[in-house]
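The sequence shown runs 68 to 517 under my numbering.
Yeah, the Cβ is synthetic: ideal placement off N, Cα and C, and Gly gets one too.
Inspection log for the structure reproduced underneath, given as structure tokens.
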Amino acid sequence: MSSWLTKDDPSPGKFVCGFSMDTPPQVFIWNGSKPYWRSGPWDESKFIGVLDIENAYGDGFNLKHDNQQGSVYMAWHVYNTSYAHFMFITLDGTLKRMFMDEQVKNPYVSWMVPVNRCDIYGVCGPFGVCNKNKSPNCECLKGFVPNSIEDWKKGNWAGGCVWKSDLLCQKNTSNLASSGKAQNDGFWKLRSMKLPDHFEYLYTEDSSGCQQWCLSNCSCVAYAYVTGIDCVVWTGGLIDVQQFSLAGKTSTFAFRIQSWVESKSKRRKGFEMADSMYTLELPIIGFDKILAATDNFSTTNKLGEGRFGPIYKGKLEGGQLVAVKRLSRHSGQGVEEFKNEIILISKLQHRNLVKLLGCCIEGEEKLLVYEYMTNKSLDTFLFDATKRVKHDWAKGFHIIQGIARRLLYLHRDSYLRVIHRDLKGSNILLDDDMNSKISDFGLARTFQVT
């Protein structure tokens, strides 16, 4: 299918729509020889990179394989014969599906692509992700930085992103291969995504085998295991990646990232961590900014010592006061708790809880940045003789009621039902008005009500 050359000339124009030779196939719109739009792969029921064509699937839209001819074509069953259905490409490369009934002679559009900037093929370049709901639309995948800062600032994202630092398997590939330790890197999972282009299909791998195959091959950049498709992997730049806002409608894929997890024996291990990029909305704060905020972790800024490391007072560039929890580098404990807190509290952001403002993962450094609570923790009032004098019964009862309400929220009212498992005076923080907020979710667990 091709566009017209002009509005008056039906000879083939510059835009062409058709199937790729991939397994599984994809629909493309090409502008000359260059891709202009892509549907994502077919999963035996839908193209997983197209969200708003559900009505077409409901009309019996399907992909047909002609094994004798070696061809693939689209077809749909028309249940309502009073409607005329047709599909075409406009002069500017828009693919439209239209209806026209017997009474209304003017056809109307039921579906079309592309509809926004993020639909345009590869708009953010290699290792860039496009999100139509963000400004600017493009950002780099975790562990990547813009290839050209100047171009990025101008809104020219075509150059994409590059690795911030080499992967562990790239730094010493020969040694890793000979020692069988190719599992030094880990994967970061992204949900509700349009899968990148240029994938390779692995016929025989299950979900765990898919991950293991990618982990044991340093050339493998990412993998996905999709119902109806099975295992697909990527060995080159991740291009045409799009973030959608409708969870559950699209796919999850995991891309390789340098592991920041260490065991007690200091040997690096692979890891997985879920990041929806849309539901978590947790900023990454640069380590240099945290150093400046805490005056290089000055002892005068130290607020106390937590279960797995010290906590510091800091001031960000804009003047905002923060509390920085620094996971001790000398302890093999706390990594799972650190990850757990990032995932849980970023999903649970609520006025009943101490707000998590961001995190930092820089080499061996793992830090969480929270809002600063002026009156610190409840235990300072309970065990400090000077402050205990000011802590009368009315204030104490107010704090107790607040704690009960916070727990009720976690146990009953939150969309994630949570058991804290580490509630104590040092984890109850107090704001200017002595309102209590719960912190430290490292040991917390979610549960389901049956």
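Three-state class that DSSP yields for residue i in the structure shown
| i | result |
| --- | --- |
| residue 368 | helix |
| residue 279 | helix |
| residue 429 | strand |
| residue 494 | helix |
| residue 392 | strand |
| residue 454 | helix |
| residue 488 | coil |
| residue 404 | helix |
| residue 478 | helix |
| residue 412 | helix |
| residue 235 | helix |
| residue 419 | coil |
| residue 316 | Confidence at residue 316 is low in this model, with a pLDDT of 45, below 50, so its placement is unreliable and no value can be given for it. |
| residue 506 | coil |
| residue 117 | coil |
| residue 438 | strand |
| residue 158 | coil |
| residue 483 | coil |
| residue 266 | coil |
| residue 77 | strand |
| residue 129 | strand |
The beta strand (DSSP E) enclosing residue i, as first and last residue numbers
| i | result |
| --- | --- |
| residue 73 | 69-73 |
| residue 291 | 289-293 |
| residue 511 | Looking at the DSSP string, residue 511 is not in any beta strand (DSSP E), and its letter there is neither H nor E. |
| residue 14 | Any property of residue 14 remains undetermined from this structure, which presents the chain solely from 68 to 517. |
| residue 230 | 228-230 |
| residue 104 | 101-105 |
| residue 382 | 377-382 |
| residue 285 | Run containing residue 285: none; DSSP gives neither H nor E here. |
| residue 178 | 175-180 |
| residue 501 | It is not in any beta strand (DSSP E) - residue 501 carries neither H nor E in the DSSP assignment. |
| residue 297 | 297-301 |
| residue 138 | 138-142 |
For residue i, the first and last residue of its enclosing alpha helix (DSSP H)
| i | result |
| --- | --- |
| residue 462 | 460-475 |
| residue 446 | 445-450 |
Per DSSP, the bridge partner or partners of residue i
| i | result |
| --- | --- |
| residue 253 | 324 |
| residue 307 | According to DSSP, residue 307 bridges with nothing at all. |
| residue 274 | Its beta-bridge partners do not exist; DSSP assigns none. |
| residue 259 | DSSP output for residue 259 lists no bridge partner at all. |
| residue 85 | 95 |
| residue 110 | DSSP, once it has assigned bridges, lists no residue as partnering residue 110. |
Rounded Cβ spacing between residue i and residue j (contact assumed at less than 8 Å)
| i | j | result |
| --- | --- | --- |
| residue 104 | residue 181 | 5 Å |
| residue 390 | residue 378 | 6 Å |
| residue 299 | residue 293 | 7 Å |
| residue 209 | residue 255 | 5 Å |
| residue 433 | residue 370 | Wrong, their Cβ atoms sit about 18 Å apart, outside the cutoff. |
*Which runs of the beta strand (DSSP E), 3 residues or longer, sit entirely within the segment 183-225?*
195-197, 205-207 and 211-213
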